[in-house]
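First up is the structure itself, then whatever we jot down about it.
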Amino acid sequence: MLILGIDPGSRITGYGIIEDKAGKQSYVASGGIRIKAAYFPDRLKEVFDGVTEIVSQFAPDQMAIEQVFMHKNADSALKLGQARGAAICAVQVQGMPVFEYAAREVKQALVGKGNADKSQVQHMVKILLQIRGDIQIDASDALAIAMCHSHHSQTARKLKQAGY
Numbered sequence: 006m007l008i009l010g011i012d013p014g015s016r017i018t019g020y021g022i023i024e025d026k027a028g029k030q031s032y033v034a035s036g037g038i039r040i041k042a043a044y045f046p047d048r049l050k051e052v053f054d055g056v057t058e059i060v061s062q063f064a065p066d067q068m069a070i071e072q073v074f075m076h077k078n079a080d081s082a083l084k085l086g087q088a089r090g091a092a093i094c095a096v097q098v099q100g101m102p103v104f105e106y107a108a109r110e111v112k113q114a115l116v117g118k119g120n121a122d123k124s125q126v127q128h129m130v131k132i133l134l135q136i137r138g139d140i141q142i143d144a145s146d147a148l149a150i151a152m153c154h155s156h157h158s159q160t161a162r163k164l165k166q167a168g169y
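Remember, my numbering sits 5 above the position in the sequence shown when you count from 1.
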């Protein structure tokens with residue numbers, strides 16, 4: 006199964022694709038959709054088009070995306086939420102299931118603590134997926150989201166097999 010992870014953003018939307026084969030995760034691809042438009046609705050279209058292109062190129066089976074959280078800037082959270090919506094719509098029109106995870110949940114799954122910083126997540130992604138060389142922070146976040154979904158799916162399968 007191919008899992009597409011998305012780290013939404015209105016300037017850069019990170020993506021990462023992993024393959025989950027019998028509980029073993031392997032790296033497929035990652036990168037960032039760099040948004041060039043100044044006009045915000047055009048930026049959302051670029052996110053939509055970029056995710057649509059990734060889906061047509063790799064044909065993932067599922068998408069996992071980070072939930073929006075509000076820290077201090079409500080305007081930033083709203084823009085992030087809209088970019089997230091554009092990415093979700095891009096896969097929903099293809100009939101792909103979407104799964105959502107909180108940032109703390111992703112960090113807990115990868116690093117073991119929910120308050121890990123981005124460099125710790127990036128480090129664990131590189132180790133667990135055996136990635137050599139540099140990787141963009143947005144891409145590593147997206148891969149982490151995909152890996153978190155893979156972990157949750159494995160647990161759900163095991164519980165189902167055990168009759169729970």
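We put the beta carbon where it would ideally sit given N, CA and C, even for glycine.
Smallest Cα separation from K41: which of G14, N120, A144? Locating residue 41 in the sequence shown gives position 36, where the first residue counts as 1. Looking at the Cα atoms, G14 is the closest of the given residues.
Reduced DSSP category for G86 - H, G, I as helix; E, B as strand; rest coil: As a working mapping, residue 86 is identified with position 81 in the sequence shown. Correct three-state label for G86: helix.
Does the separation of the CB atoms of I38 and T57 fall below 8 Å? Against the sequence shown, residue 38 aligns to sequence position 33. Against the sequence shown, residue 57 aligns to sequence position 52. Taking 8 Å as the Cβ cut-off, I38 and T57 do not qualify as a contacting pair.
Of the choices A95, M129, I132, whose alpha-carbon is the least far from that of A69? As a working mapping, residue 69 is identified with position 64 in the sequence shown. Comparing Cα-Cα distances from A69 to each of A95, M129, I132, the minimum goes to A95.
Kindly identify the DSSP beta-bridge partner or partners of K29. Counted from its first residue, the sequence shown places residue 29 at position 24. DSSP output for K29 lists K26 as bridge partner(s).
Using 8 Å for Cβ pairs, my map puts Q72 next to Y106. What's the rounded Cβ distance? As a position in the sequence shown, residue 72 is number 67, starting the count at 1. As a position in the sequence shown, residue 106 is number 101, starting the count at 1. 7 Å between Cβ atoms; contact.
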